[in-house]
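If you're matching positions, the sequence shown starts at 1190 in this note's numbering and goes up one per residue. All remarks here apply to the structure that follows.
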Amino acid sequence: MIKSVLVIRNDKIGDFVNTWPAPYQLKQALPHASIEVFVDPALKEFAKACPYVDHVIVDNGDDKAITKAFVARHYDAAIVSRSQIRTYRLLRKLNIPYKLAPKLNWYQYLYRHRASIAVPKGLGGWRKSCMMVEHFLADHQIPIPKLPTRYWDLSHERSMWQDYYGQQGEERLIFAHPGTGGSANSISPENFAALLAQVDRLTNINCKFVLTYSGQEIELAKEIYAQLSAMGIKVVMARPLTNLADFAKSLVAADMFMAGSTGPLHIARLHNVPTVGFYAGRRSAPKVRWQTLTQSDKRLAFTPPIGRKTGRNMALIDLDLAAKEIASFLNTQYAKLQAVG
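Take a look at the structure:
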């Protein structure tokens, strides 16, 4: 009987969000087992907030202490979603009956159990975590659960967070996050402000823009705020929250989330919020690899022309066309939300 499973995903926000289907499937398939994760310190509170995670171990860099923590948990299985030679060294001497690694690097052969993570064309990178879990469940003759349309149902908190962000009457909160998660250069504040202004003019709904930011991104947000305010457009700077978990919960208030390939964009998808992503134009198709977990009809993606010289130049995105598509998309989603409400 499987009593505890460890999932290793000790890297960035977006990567961890992409792994949420793993604890979801594990908890559905093994409701009485303890589903545990190994994460980066910055993700500790966020991981604790995941409704499918029972225990969190933080990668504090002290390998002896980490190994001791693993031993104390008495795992029946370990699923290595992020495979590194260091991870193998952490696990190799532990008495864990089943250790599963992806068929990715040469050190996959150091593991007895290996799973293919070759994602079918057209599906996002988030499928990799599912493929690992499905391999594990198949090896143990356990039925594979279906995936949900929403991974984090905080609908009961939506009105509270709408109040937090200052929503009034029929306003729709359109979140926008400047900056980038690293897969592409960011849209300039001037162009981002112009895009939001066009969306506001073209859409049929009553918009209030909420600018979110982290660290030095506050300067980008301030530039956008100043430009939109000067045009008389309703816009607010998001009030800082104490930790990532609270910020992640608060995104349930959003009626749409617009950003480059950033952690916040990926978090918004957990709530099945309509998303608009701006990605690099590469043949490796980042807009597919990093597509959000929202339903396919709730996401839009834009890229500059594919090419070594053009693919990272976000100024080459046709923002006039993007504004028209986003406004139409927003009108459609609003109608759907009204019908559901």
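C-beta: ideal position from N, C-alpha, C; glycine also.
So for residue i, helix, strand or coil by DSSP?
i, result
"H1221", "coil"
"K1257", "helix"
"M1420", "coil"
"R1471", "coil"
"S1450", "coil"
"D1204", "helix"
"M1445", "strand"
"A1365", "strand"
"R1347", "helix"
"S1372", "Note on S1372: pLDDT 49, under 50, position unreliable in the model; the coordinate value appears next. Residue state, collapsed to three classes: coil."
"T1276", "helix"
"I1456", "helix"
"S1531", "Limits of the chain in this structure are 1190 at one end and 1530 at the other, which puts residue 1531 out of reach."
"I1268", "strand"
"I1333", "coil"
"T1521", "helix"
Let me make sure I understand the geometry here. Which of the options has the alpha-carbon closest to that of residue i?
i, options, result
"A1267", "A1254, R1281, K1257", "R1281"
"R1405", "S1305, H1366, I1495", "First, the amino acid is wrong: residue 1405 is Gln here, not Arg. Among S1305, H1366, I1495, the Cα nearest to that of Q1405 is on H1366."
"P1230", "I1333, N1432, D1444, H1455", "N1432"
"Q1387", "V1247, W1350, L1508, V1194", "L1508"
"M1420", "Y1402, V1462, F1398", "F1398"
"E1346", "P1475, F1436, R1278, K1216", "F1436"
"H1244", "T1464, G1250, Y1264", "Y1264"
"N1395", "A1222, I1376, I1363, V1228", "I1363"
"S1375", "E1359, N1461, E1360, L1409", "L1409"
Mind checking which residues open and close the alpha helix (DSSP H) that includes residue i?
i, result
"Y1287", "Counting along the chain, Y1287 falls outside any alpha helix (DSSP H), though it belongs to the beta strand (DSSP E) covering 1287 to 1291."
"S1403", "Taken as a continuous stretch (DSSP letters only), S1403 belongs to no alpha helix (DSSP H), as it is neither H nor E."
By the DSSP assignment, the beta strand (DSSP E) with residue i in it spans what residues?
i, result
"K1397", "1396 to 1400"
"G1390", "Strictly speaking, residue 1390 in this sequence is Arg, with Gly absent from that position. That residue, R1390, is in no beta strand (DSSP E); its alpha helix (DSSP H) goes 1378 to 1391."
"A1304", "1302 to 1304"
"V1322", "Segment 1316 to 1328 is the alpha helix (DSSP H) holding V1322; no beta strand (DSSP E) there."
Write down the C-beta distance between residue i and residue j rounded to the nearest angstrom, noting that I regard them as a contact closer than 8 Å.
i, j, result
"A1490", "Y1468", "6 Å"
"H1302", "L1289", "4 Å"
"L1215", "V1322", "6 Å"
"C1239", "P1220", "At roughly 15 Å, the Cβ-Cβ gap does not stay under 8 Å, so C1239 and P1220 are not in contact."
| What are the uninterrupted segments assigned as beta strand (DSSP E) that are 3 or more residues long and contained completely in the region 1478 to 1511, given in chain order? | Along the region 1478 to 1511, the beta strand (DSSP E) occurs as fully enclosed runs of 3 or more residues at 1488 to 1491, listed in sequence order.
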